[in-house]
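Quick notes on the structure that follows.
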Amino acid sequence: MYPTVLDLAIFGYIAATGLSLAYLVQREEWLHRVASVATIAGWVLHAVALLALAFRLGRPPLGSLSEAVSVAVWVAVLLALWVERQYGVKVLGAFVLPVVLVLSINSATTRPLGIPGIERALGGAWIWVHIGLVLIGIAAFVLNFAGALMYVLQERQLKAKRPGTLYYRLPDLETLDRLTYRTLALGFPFLTTGLILGVLWAGRAWGSVFAYDPLALLSFVAWAIYAGTLAGRAAAGWRGRRAAYFAIIGFATLVLTLGAGLFLPGRHGS
Amino acid sequence: MTLFVAGLSHKNAPVELREQLAVEEDKLRELLSDVSATGAVRETLILSTCNRVEVYGVAEAPGEARAVVFRHLCRYRGVAYGSVEPLLYTHLDGDAVHHAFRVAASLDSMMIGEPQILGQVKDAFGLAQACATVGPALHTLFTAAFAVAKKVRTETEIARHAVSVSFAAVELARKIFAGLGGKAVLLVGAGKMGELAARHLVEHGAFPVYVANRTWPRAQEMARALSGAAVPFAELETALAGVDIVITSTGATEPIVTLAMVQRVMHGRRARPLFFIDIAVPRDVEGSVNTLADVYCYNVDDLKQVVEANIRERLREAQRGEALVMREVAKFLTRQSDVEVIPTIVSLRERLEEIRVGEVRKALARLPGATAETREAIEALSAAIVNKILHAPITKLRESSRAGSSRSWLPLIHELFGLGRK
Numbered sequence: 117m118y119p120t121v122l123d124l125a126i127f128g129y130i131a132a133t134g135l136s137l138a139y140l141v142q143r144e145e146w147l148h149r150v151a152s153v154a155t156i157a158g159w160v161l162h163a164v165a166l167l168a169l170a171f172r173l174g175r176p177p178l179g180s181l182s183e184a185v186s187v188a189v190w191v192a193v194l195l196a197l198w199v200e201r202q203y204g205v206k207v208l209g210a211f212v213l214p215v216v217l218v219l220s221i222n223s224a225t226t227r228p229l230g231i232p233g234i235e236r237a238l239g240g241a242w243i244w245v246h247i248g249l250v251l252i253g254i255a256a257f258v259l260n261f262a263g264a265l266m267y268v269l270q271e272r273q274l275k276a277k278r279p280g281t282l283y284y285r286l287p288d289l290e291t292l293d294r295l296t297y298r299t300l301a302l303g304f305p306f307l308t309t310g311l312i313l314g315v316l317w318a319g320r321a322w323g324s325v326f327a328y329d330p331l332a333l334l335s336f337v338a339w340a341i342y343a344g345t346l347a348g349r350a351a352a353g354w355r356g357r358r359a360a361y362f363a364i365i366g367f368a369t370l371v372l373t374l375g376a377g378l379f380l381p382g383r384h385g386s
Numbered sequence: 047m048t049l050f051v052a053g054l055s056h057k058n059a060p061v062e063l064r065e066q067l068a069v070e071e072d073k074l075r076e077l078l079s080d081v082s083a084t085g086a087v088r089e090t091l092i093l094s095t096c097n098r099v100e101v102y103g104v105a106e107a108p109g110e111a112r113a114v115v116f117r118h119l120c121r122y123r124g125v126a127y128g129s130v131e132p133l134l135y136t137h138l139d140g141d142a143v144h145h146a147f148r149v150a151a152s153l154d155s156m157m158i159g160e161p162q163i164l165g166q167v168k169d170a171f172g173l174a175q176a177c178a179t180v181g182p183a184l185h186t187l188f189t190a191a192f193a194v195a196k197k198v199r200t201e202t203e204i205a206r207h208a209v210s211v212s213f214a215a216v217e218l219a220r221k222i223f224a225g226l227g228g229k230a231v232l233l234v235g236a237g238k239m240g241e242l243a244a245r246h247l248v249e250h251g252a253f254p255v256y257v258a259n260r261t262w263p264r265a266q267e268m269a270r271a272l273s274g275a276a277v278p279f280a281e282l283e284t285a286l287a288g289v290d291i292v293i294t295s296t297g298a299t300e301p302i303v304t305l306a307m308v309q310r311v312m313h314g315r316r317a318r319p320l321f322f323i324d325i326a327v328p329r330d331v332e333g334s335v336n337t338l339a340d341v342y343c344y345n346v347d348d349l350k351q352v353v354e355a356n357i358r359e360r361l362r363e364a365q366r367g368e369a370l371v372m373r374e375v376a377k378f379l380t381r382q383s384d385v386e387v388i389p390t391i392v393s394l395r396e397r398l399e400e401i402r403v404g405e406v407r408k409a410l411a412r413l414p415g416a417t418a419e420t421r422e423a424i425e426a427l428s429a430a431i432v433n434k435i436l437h438a439p440i441t442k443l444r445e446s447s448r449a450g451s452s453r454s455w456l457p458l459i460h461e462l463f464g465l466g467r468k
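Chains as they are written, first to last, in my numbering: chain A, 117 to 386; chain B, 47 to 468.
Below you can see the structure in the form of structure tokens.
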């Protein structure tokens with residue numbers, strides 16, 4: 117059941133992405149309505165797929181990185197639906213859903229089985245908390261990235277003084293900056309706590325923290341970028357473009373981190 | 047009886063002629079009653095604005111009605127009918143509906159989406175109603191037109207996006223700030239244009255307002271007019287540090303806000319955005335400040351460019367408005383044609399129901415021992431037969447009316463079923 121329902125969910129996300137992008141350039145309200153329905157349908161199917169997987173495996177569907185990314189995507193979509201409502205940013209889907217799709221590709225192609233001894237390696241409740249917290253952080257950073265991207269695009273329109281389609285469709289800079297800040301403030305504590313737990317657990321289970329694990333190393337680079345941005349915002353009053361650029365760089369590092377975990381040999385497996 | 051609209055507009059008639067033909071309300075009253083007194087029109091309404099003079103009406107011979115109305119109008123205004131007549135356009139039935147919808151929705155306006163036209167159409171309608179020249183046809187038409195206009199306005203963006211420089215500035219401010227509530231404004235110079243822009247900002251919630259001007263009394267005067275506070279011109283830089291939006295409109299020949307000044311100001315603002323609206327010519331703000339982070343500087347030419355983009359956006363939206371109007375016209379015509387045949391359908395049903403009830407009563411009188419079930423069965427049977435018989439003619443009537451051929455079918459149905467009058 118797992119692959120078919122998940123495939124349907126991803127199909128829903130693909131449809132929602134196309135519709136959202138169309139809505140960005142073509143102001144037809146029905147496109148937005150259908151996109152919302154497709155997003156929600158994809159999300160519900162995704163939830164069913166994850167639940168089915170959890171029942172079959174008899175453990176949370178977080179046993180491999182691709183499973184965890186799948187759950188992170190699921191949380192990100194939920195968060196996006198909420199943010200869209202909260203901030204009234206109807207074009208949000210066009211910026212979040214492509215990222216969702218990119219992150220979904222791996223979980224759709226990789227089958228989550230065939231990692232021998234995973235339960236033993238992952239044993240202990242703390243590891244689930246580690247994974248759970250980190251992936252909520254990742255979900256928040258998907259939104260953080262989308263907000264930053266919209267900010268940079270809108271800022272460019274305003275500076276160039278030649279209003280194009282995006283000028284009319286994107287919200288104002290202050291709203292976008294607030295969105296970027298809040299998602300950073302939301303994601304950062306999750307990522308931090310998750311990483312600390314990971315370090316503690318790794319120290320006990322593996323005897324060392326970073327040895328030979330590219331994902332662990334890169335994740336600390338991403339964490340440092342987000343920490344720097346947050347500090348800059350809080351202490352030096354960084355706002356606007358600079359904060360947006362950092363959010364984009366931070367997210368790129370995060371995606372690189374996940375990529376490294378999925379495709380390079382290391383202890384996080386695939 | 048045919049619905050028609052005839053007239054001339056900014057599209058085909060020169061402004062000199064439109065000016066000559068425009069009539070004020072009192073004359074319009076007279077004109078309406080004179081025209082309807084001739085008997086050439088059954089219903090009529092005259093729309094007279096600076097961009098169009100049009101007569102909407104229902105008449106046996108629309109061509110004749112058009113000539114009567116415009117002859118009267120030309121006589122009132124001392125214009126030769128011969129010079130007007132070749133410019134007149136006429137639309138009939140569905141095309142007239144289409145035209146009325148487009149006009150009310152501001153799709154036929156000189157500046158697409160301008161809001162005045164709907165009010166003008168409403169006024170013309172009100173006047174014609176007061177003069178009792180509006181009948182059921184025009185009433186239905188214009189009620190629908192008002193609804194369509196509202197729909198076009200809310201479902202498309204033809205009325206959004208400023209087409210004046212000062213409103214374009216307000217819209218830009220609203221793309222930088224999340225609402226203007228509580229945003230501080232500094233007005234430098236006391237020109238009319240600057241005041242207008244400041245007023246627009248204040249109307250959108252901007253507060254407080256500071257005014258700096260080289261002559262102190264003039265600054266105080268303007269500050270009073272805007273319920274703001276005057277600040278000394280010499281302390282311009284200090285004032286810049288604490289505001290969000292700056293409007294400059296002085297007569298200075300050299301820039302009074304320099305790049306170096308804004309650089310110093312921005313240093314202490316912790317990336318709080320600063321938006322310059324420079325409507326002075328020559329410019330008051332060095333254009334290069336726009337290159338600084340979080341500083342946005344628009345001069346008059348930039349604002350005009352934004353206005354042009356806004357107009358292009360309106361035109362794009364107008365295409366969606368046109369599509370919407372087309373759909374609404376189709377719906378309207380369907381409703382209209384249904385209305386035409388509904389009385390016949392109703393009397394047809396009544397006629398057959400009358401027969402059915404009468405025959406059922408007779409049958410039951412012959413069956414004194416009938417149980418409740420038998421009675422019910424007879425009722426149901428007779429009702430089913432009537433419905434089955436009616437189905438085909440009613441469907442045919444609806445179809446024919448939508449196809450526009452109900453006029454030949456209506457008398458036929460009346461004749462066949464003996465529906466009495468008509």
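Yeah, the Cβ is synthetic: ideal placement off N, Cα and C, and Gly gets one too.
- In the three-state reduction of the DSSP assignment, B/His-460 falls in the helix class.
- Around the CB of B/Ile-325, 16 or more other CB atoms lie within 10 Å, so the residue is classed as buried.
- For the region 342-364 of chain A, residues whose beta-carbon sits nearer than 9 Å to a beta-carbon of chain B comprise Ala-352, Gly-353, Trp-354, Arg-355, Gly-356, Arg-357, Arg-358, Ala-359.
- B/Glu-354 is not bridged by DSSP to any residue.
- Assignment of beta-bridge partners to B/Arg-98 by DSSP yields B/Ser-55.
- By the CB criterion at 8 Å, B/Ala-258 and B/Val-231 fall outside the cutoff.
- By the neighbour-count definition (other C-beta atoms within 10 Å, threshold 16), A/Trp-159 is a buried residue.
- Checking the DSSP bridge columns, you'll see B/Asn-345 partnered with B/Asp-324.
- Cα atoms of A/Val-315 and A/Ile-252: separation of roughly 18 Å, rounded to the nearest angstrom.
- Judged by their CB atoms, B/Ala-52 and B/Tyr-135 are nearer to each other than the 8 Å cut-off.
- For A/Gln-142, the number of other beta carbons within 10 angstroms of its own is below 16, and it is reported as exposed.
- Beta-bridge analysis with DSSP links A/Val-150 to no other residue.
- Contact between A/Ala-132 and A/Gly-209 holds, since their C-beta atoms are separated by about 6 Å, short of 8 Å.
- In the three-state reduction of the DSSP assignment, B/Leu-49 falls in the strand class.
- In chain B, no part has a C-beta under 8 Å from the C-beta of A/Glu-200; the shortest such distance is about 16 Å.
- Residue environment analysis places A/Gly-353 among the exposed positions, since fewer than 16 neighbouring C-beta atoms fall within 10 angstroms of its C-beta.
- Note: B/Leu-138 is bridge-paired with B/Phe-50 in the DSSP secondary-structure output.
- Taking 8 Å as the CB threshold, B/Arg-316 lines the interface with chain A.
- By the beta-carbon neighbour count (other beta carbons within 10 angstroms, threshold 16), B/Ala-244 is buried.
- For A/Leu-374, the uninterrupted alpha helix (DSSP H) segment begins and ends at 356-379.
- For B/Asn-259, the enclosing beta strand (DSSP E) starts and ends at 255-259.
- In the structure shown, the three-state DSSP call for B/Pro-60 is coil.
- Listed in chain order, the non-local C-beta contacts of B/Ser-79 below 8 Å within the same chain comprise Cys-177, Thr-179, local neighbours out to five positions each way being set aside.
- The beta carbon of B/Arg-220 sits closer than 8 Å to some beta carbon of chain A.
- Within 10 angstroms of the beta-carbon of B/Glu-110 lie fewer than 16 other beta-carbons, which makes it exposed.
- Of the other Cβ atoms in all chains shown, fewer than 16 fall within 10 Å of the Cβ of B/Cys-96; this residue is therefore exposed.
- Within the model, the alpha-carbon separation for A/Ala-359 versus A/Gly-319 is close to 34 Å.
- Against chain B, the CB of A/Leu-274 has a partner CB under 8 Å away; the residue lies at that interface.
- Note on B/Gly-85: under 16 other CB atoms within 10 angstroms of its CB, so exposed under the neighbour-count rule.
- One alpha carbon belongs to B/His-460, the other to B/Arg-366, and they sit about 43 Å apart.
- Residue pairing by DSSP places B/Glu-89 opposite B/Val-104 in a beta bridge.
- In the three-state reduction of the DSSP assignment, B/Thr-294 falls in the strand class, which pools E and B.
- For B/Gln-351, at least one C-beta of chain A is nearer than 8 Å to its own C-beta.
- Pairing A/Val-212 with A/Ala-196 gives a Cβ-Cβ distance under 8 Å.
- The shortest CA-to-CA distance from B/Ile-391 to any of B/Leu-443, B/Ala-418, B/Arg-407 is the one to B/Leu-443.
- Straight through space, the alpha carbons of B/Ser-152 and B/Ala-113 are spaced by roughly 27 Å.
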